[in-house]
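Visitor:
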Amino acid sequence: MADGSAASLLAQLVQQHYAALYRYAFRLSGKSADAEDLVQQSFLTAHQKIDQLRDPQNGKAWLFTITRNAYLKSLRGNTGTKLLSLEHAPEPGEECPQDIRLDNEQLQSILNELEEEFRTPLILFYFEQFSYKEIAEQMDVPIGTVMSRLARGKTHLRQKLASFQPAGSQQT
Amino acid sequence: MDCRTALEILEVVRPDTGDLDDPELAEAAAHIESHAECKSEFLRRQQLDREIGSAMRDIPVPHDLETRLLADLAERSETADVAETVAAPTAKPKAALQRRSWMSLVVGTAASLAIGVIGWQLLSGSSTHVDAVQVATSITGRDPNFDGLTEYGGDDSELPADWESLPKGLAIDGPKSYAYQQADGAKLAIAMYQFRFTHRRTPVTGYLLVLPVDSVNPPPTNTALPAGAGSGITSVSWTDGDFVYVCVIPKRGGHFRRLGRLLDRGMT
Ligand SMILES: [Zn+2]
Numbered sequence: 055m056a057d058g059s060a061a062s063l064l065a066q067l068v069q070q071h072y073a074a075l076y077r078y079a080f081r082l083s084g085k086s087a088d089a090e091d092l093v094q095q096s097f098l099t100a101h102q103k104i105d106q107l108r109d110p111q112n113g114k115a116w117l118f119t120i121t122r123n124a125y126l127k128s129l130r131g132n133t134g135t136k137l138l139s140l141e142h143a144p145e146p147g148e149e150c151p152q153d154i155r156l157d158n159e160q161l162q163s164i165l166n167e168l169e170e171e172f173r174t175p176l177i178l179f180y181f182e183q184f185s186y187k188e189i190a191e192q193m194d195v196p197i198g199t200v201m202s203r204l205a206r207g208k209t210h211l212r213q214k215l216a217s218f219q220p221a222g223s224q225q226t
Numbered sequence: 113m114d115c116r117t118a119l120e121i122l123e124v125v126r127p128d129t130g131d132l133d134d135p136e137l138a139e140a141a142a143h144i145e146s147h148a149e150c151k152s153e154f155l156r157r158q159q160l161d162r163e164i165g166s167a168m169r170d171i172p173v174p175h176d177l178e179t180r181l182l183a184d185l186a187e188r189s190e191t192a193d194v195a196e197t198v199a200a201p202t203a204k205p206k207a208a209l210q211r212r213s214w215m216s217l218v219v220g221t222a223a224s225l226a227i228g229v230i231g232w233q234l235l236s237g238s239s240t241h242v243d244a245v246q247v248a249t250s251i252t253g254r255d256p257n258f259d260g261l262t263e264y265g266g267d268d269s270e271l272p273a274d275w276e277s278l279p280k281g282l283a284i285d286g287p288k289s290y291a292y293q294q295a296d297g298a299k300l301a302i303a304m305y306q307f308r309f310t311h312r313r314t315p316v317t318g319y320l321l322v323l324p325v326d327s328v329n330p331p332p333t334n335t336a337l338p339a340g341a342g343s344g345i346t347s348v349s350w351t352d353g354d355f356v357y358v359c360v361i362p363k364r365g366g367h368f369r370r371l372g373r374l375l376d377r378g379m380t
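Those sequence lines, one after another, are chains A and B.
Numbers given in the numbering used here equal positions in the first sequence, counted from 1, plus 54.
Numbers given in the numbering used here equal positions in the second sequence, counted from 1, plus 112.
Following this line, the structure appears as C-alpha cells:
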C-alpha cells in the first residue's frame, strides 16, 4: 500500500474507531490514563503494521485485537492482584434478578476482579459491536469457549450487581 | 433441549439484533418459542442486557483525544517522509488513473473480474460487459474483501433518486472507491456506497454498487437476484437513467424487506 493511502487509511481508522477503542480500553484497564495510553499504543502499532490490514472493512476488528494485545502486554509481569476465574463457578442458570440498579463504578469493579479471559468477552458482548463468533475470532478461541465464558460471565455479573442492591441503597 | 441449556446458549444473543436468527442457535430459539416460562426469562435477560450494555458503553471520551491521535499520526507520517496528506479526498490517484469521475473511468482492456470481491470493471468501449448478476453473486462472504486494493481519490457517483433524501433510519457512507492494477497491467475501478439502517442499535449494513448502464449487458429492469449459493447474500438490481444499481445485503431476506419499507416510507 502506498504511504499516502496508508496514512489516509490510518486517519480514517482513528476518526471512525478511536472512541470505541477508548471505551474498550477503559473497560479493560479500569483507568482513563491507561486507556489513553492503550489507544495511543494501538494506533502506533496500527501505523507500523498497516500493511497487514488486508481489508479496510475489517479495520475495527483489527484495531480491537491490537488494543487487547496491547493490554495483555501491559499486564505481563504484573502479578500483584489475584483475579477471579469463573472456570469453576457454579453452572449458570439462575433466574435473572428482577431489579438491578446500575452503578458505573460497581460495574467496573466487578469487571476489574475478573480474569481477562472472562472480562474481555463480557465487554465485547455488551459493546454490541461484535457477534459471539467475531469475539471468538478476536480472542482466538473456539466459539464454544466464548459461549461458555459469556454465559458464566453474565451470570456472575448479574449476581454481583444484584448483591449491590441493599434495601435503602444510597443511590441519589 | 432442556430449559437451562437453551437459556445458556441464548446468552450470546445481543438485544435488538438479528442474532436470534443465527441457524446455530435455532434449536435454543425454538425451545423458548415453545416454552412460555423460558421465553419470559429470556426476555427479562435481554432487557437487563440492554441496561447493562448501555451502562457498559457509557464512558466519556476525552474531548481532545481524536485531535491528539491525529496529530500523533501526522507527525509519525512526516517522520516516515510521507509527502501526501492524510485527507482521503485529496489523495492523488495513480498516474494511470486520471482524476476523473470513476464513473467515467474507462480502461482499455478485457480484464477479468478475477479478484473475487464486490466490484466491477469499467471497460473502454464495449468490448466486454459486466453482468450485474455476476457482480452481485460474486460476493462470497458476509464481508466483502478488498484485498490488495489501494484507495482511489476519484469518488463521483450518483445515488438513485429515491435515496437522495434519505428516510429516517437509513444512513449512507461513501462512496468508497478503490483502484486496482493487476499483474498483467489491466486496471479495475471498484466503488461502492455503504449504507446502514441506523434505527437499530447494531446497524444492518449493506452495499450499493453503481455502474454505468452501458457496462451492463443486459441492463436489469427490476430484477431480484437470487442470493449466490451459500453466500448468504440477498441482492437486487435495477436501472435508473444512466446507471445500474446493485444493492446487496448480507445474510437475511428480512433485512431486505426492512430496507424496502424504509425507502417506501421515505418516499411517501
Ligand atoms: Zn424451557
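Heads up, the beta-carbon is just placed ideally off N, CA and C, and yes, glycines get one too.
Counting contacts by CB-CB distance shorter than 8 Å, is V360 of chain B in contact with chain A?
Guide: As a working mapping, residue 360 of chain B is identified with position 248 in the second sequence. Not closer than 8 Å to any Cβ of chain A, the Cβ of V360 of chain B fails to qualify, so no.
Visitor: Using a Cβ-Cβ cut-off of less than 8 Å, give me the residues of the stretch 102-130 of chain A that come near chain B, in sequence order.
Guide: From the stretch 102-130 of chain A, only R108, D109, P110, Q111, N112 have a Cβ closer than 8 Å to chain B.
Visitor: Between A138 of chain B and ligand 1, is there a pair consisting of the residue's CB and a ligand heavy atom that are separated by less than 7 Å?
Guide: By 1-based counting over the second sequence, the position of residue 138 of chain B is 26. A138 of chain B: no, Cβ never under 7 Å from ligand 1.
Visitor: What residue range does the alpha helix (DSSP H) around I127 of chain A cover?
Guide: The residue you call residue 127 of chain A lines up with position 73 of the first sequence. The identity of residue 127 of chain A in the sequence shown is Lys, whereas the question assumes Ile. It spans 113-129 - the alpha helix (DSSP H) in which K127 of chain A sits, taken as one unbroken run.
Visitor: Am I right that E188 of chain A and A100 of chain A are in contact with their C-beta atoms under 8 Å? What's the rounded C-beta distance?
Guide: Within the first sequence, residue 188 of chain A is the residue found at index 134, counting from 1. Within the first sequence, residue 100 of chain A is the residue found at index 46, counting from 1. Not quite, the Cβ-Cβ distance comes to about 18 Å (not below 8 Å), so this is no contact.
Visitor: Could you check what DSSP says for I171 of chain B in three-state terms: helix, strand or coil?
Guide: The sequence position of residue 171 of chain B within the second sequence is 59, counting from 1. Three-state DSSP puts I171 of chain B in coil, outside helix and strand.
Visitor: For L66 of chain B, count neighbouring C-beta atoms within 10 Å of its own C-beta (all shown protein chains included) and say buried if the count is 16 or more, exposed if not.
Guide: Because chain B in this structure spans residues 113 to 380, residue 66 of chain B falls outside the shown range and cannot be described.
Visitor: Secondary structure at Q160 of chain A, three-state DSSP: helix, strand or coil?
Guide: Working through the first sequence from its first residue, we reach residue 160 of chain A at position 106. In this structure, Q160 of chain A counts as helix in the three-state DSSP scheme.
Visitor: Please classify D105 of chain A: is it buried, with 16 or more other beta-carbons within 10 angstroms of its beta-carbon, or exposed?
Guide: Indexing the first sequence from 1 puts residue 105 of chain A at position 51. The residue is exposed, with fewer than 16 neighbouring Cβ atoms inside 10 Å.
Visitor: Report yes or no: do three or more beta-carbon pairs, one from the stretch 176-186 of chain A and one from the stretch 200-214 of chain A, lie closer than 8 Å?
Guide: With a cut-off of 8 Å, the stretch 200-214 of chain A and the stretch 176-186 of chain A count as touching, because enough Cβ pairs lie within range.
Visitor: What is the DSSP secondary structure of T129 of chain B, counted as helix, strand or coil?
Guide: Position 17 of the second sequence, counted from the start, is the residue given in the question as residue 129 of chain B. If DSSP states are grouped into helix, strand and coil, T129 of chain B belongs with coil.
Visitor: Indicate whether at least one CB of chain A lies closer than 8 Å to the CB of A167 of chain B.
Guide: Position 55 of the second sequence holds residue 167 of chain B. Interface residue, yes.
Visitor: Can you check which of these residues, A:A65, A:K103, A:L82, is closest to L168 of chain A by C-alpha distance?
Guide: Start at 1 with the first residue of the first sequence, and residue 168 of chain A comes out as number 114. Closest option to L168 of chain A, Cα to Cα, is A:L82.
Visitor: Please state if the CB of L161 of chain A and the CB of M168 of chain B are separated by a distance shorter than 8 Å.
Guide: As a position in the second sequence, residue 168 of chain B is number 56, starting the count at 1. As a position in the first sequence, residue 161 of chain A is number 107, starting the count at 1. Closer than 8 Å, so yes.
Visitor: When Cβ atoms are compared, which residues of the stretch 140-163 of chain B fall closer than 8 Å to chain A?
Guide: From the stretch 140-163 of chain B, only E153, R156, R157, L160, D161, E163 have a Cβ closer than 8 Å to chain A.
Visitor: Could you check what DSSP says for L137 of chain B in three-state terms: helix, strand or coil?
Guide: Translated into positions along the second sequence, residue 137 of chain B becomes position 25. Correct three-state label for L137 of chain B: helix.
Visitor: Give me, in chain order, the residues of the same chain whose beta-carbon lies closer than 6 Å to that of H143 of chain B; leave out the 5 immediate sequence neighbours on both sides.
Guide: The count along the second sequence starts at 1 and reaches residue 143 of chain B at position 31. Excluding sequence neighbours, H143 of chain B sits near M113, A118.
Visitor: Say the cut is 7 Å; is the CB of E123 of chain B nearer than that to a heavy atom of ligand 2?
Guide: The model on display carries ligand 1 but not ligand 2.
Visitor: Report yes if the C-beta of A118 of chain B is less than 7 Å from at least one heavy atom of ligand 1; otherwise report no.
Guide: The sequence position of residue 118 of chain B within the second sequence is 6, counting from 1. For ligand 1, at least one heavy atom lies less than 7 Å from the Cβ of A118 of chain B.
Visitor: Considering T99 of chain A, what are the terminal residues of the alpha helix (DSSP H) in which it resides?
Guide: Residue numbering aside, residue 99 of chain A sits at position 45 when the first sequence is read from its first letter. Taken as a continuous stretch (DSSP letters only), the alpha helix (DSSP H) holding T99 of chain A covers 86-102.
Visitor: When we look at the beta-carbon of L126 of chain A and count the other beta-carbons within 10 Å, is it buried (16 or more) or exposed?
Guide: Start at 1 with the first residue of the first sequence, and residue 126 of chain A comes out as number 72. Per the 10 Å Cβ criterion, exposed.
Visitor: Could you tell me whether any Cβ in chain B is nearer than 8 Å to the Cβ of Q224 of chain A?
Guide: Here the question's residue 224 of chain A lines up with position 170 in the first sequence. In this prediction, Q224 of chain A has a pLDDT of 44, which is less than 50 and means its spatial position is unreliable; what the coordinates show is noted afterwards. Judged by the 8 Å Cβ criterion, Q224 of chain A is not in contact with chain B.
Visitor: Suppose you measure from the CA of V157 of chain A to the CA of C359 of chain B; what does that come to, to the nearest Å?
Guide: Here residue 157 of chain A is taken as the residue at index 103 of the first sequence, counted from 1. Here residue 359 of chain B is taken as the residue at index 247 of the second sequence, counted from 1. The amino acid at residue 157 of chain A is misidentified as Val; the sequence shows Asp. Taking the straight line joining both Cα atoms gives about 43 Å.
Visitor: Starting from E178 of chain B, find everything on chain A with Cβ-Cβ shorter than 9 Å and list it in chain order.
Guide: Counting from 1 along the second sequence, the entry for residue 178 of chain B is found at position 66. Those within 9 Å of E178 of chain B in chain A are V68, Q69, Y72, A73.
Visitor: When the Cα of D185 of chain B is compared with those of A:S202, A:A61, A:T199, which residue comes out closest?
Guide: As a first step, residue 185 of chain B must be located in the second sequence, where it is residue number 73. Before going further, note that residue 185 of chain B is Leu rather than Asp in the sequence given. Checking every option, the nearest Cα to that of L185 of chain B belongs to A:A61.
Visitor: How long is the line joining the alpha carbons of Q69 of chain A and G113 of chain A, rounded to whole angstroms?
Guide: Position 15 of the first sequence, counted from the first residue, corresponds to residue 69 of chain A. Position 59 of the first sequence, counted from the first residue, corresponds to residue 113 of chain A. Cα-Cα distance, rounded: 12 Å.
Visitor: Can you tell me the Cα-Cα spacing of S59 of chain A and P110 of chain A, whole angstroms?
Guide: Reading the first sequence from its first residue, position 5 is the one you call residue 59 of chain A. Reading the first sequence from its first residue, position 56 is the one you call residue 110 of chain A. Distance between the alpha carbons of S59 of chain A and P110 of chain A: 11 Å.
Visitor: So if I measure from each beta-carbon to every heavy atom of ligand 1 and keep distances below 5 Å, which residues remain?
Guide: Selection output, chain order preserved: B:C115, B:H147, B:C150.
Visitor: V125 of chain B to L132 of chain B, Cα distance in whole Å?
Guide: As a position in the second sequence, residue 125 of chain B is number 13, starting the count at 1. As a position in the second sequence, residue 132 of chain B is number 20, starting the count at 1. Each residue's alpha carbon lies about 6 Å from the other.
Visitor: Please specify which runs of the alpha helix (DSSP H), each continuous and at least 4 residues long, are wholly inside the stretch 194-221 of chain A, giving them in chain order.
Guide: As far as the stretch 194-221 of chain A is concerned, its whole alpha helix (DSSP H) runs of at least 4 residues are 197-217.
Visitor: Beta carbon of Y76 of chain A, beta carbon of V316 of chain B: below 8 Å?
Guide: Counted from its first residue, the first sequence places residue 76 of chain A at position 22. Counted from its first residue, the second sequence places residue 316 of chain B at position 204. Their beta carbons are not under 8 Å apart, which means Y76 of chain A does not touch V316 of chain B by this criterion.
Visitor: At a CB-CB cut-off below 9 Å, which residues of chain B make contact with M201 of chain A?
Guide: Numbered from its first residue, the first sequence carries residue 201 of chain A at position 147. Here the neighbours are E120, I121, E123, V124.
Visitor: Assign G372 of chain B to one of two classes, buried (16 or more other C-beta atoms within 10 Å of its C-beta) or exposed (fewer than that).
Guide: As a working mapping, residue 372 of chain B is identified with position 260 in the second sequence. Exposed, by the Cβ-count rule.
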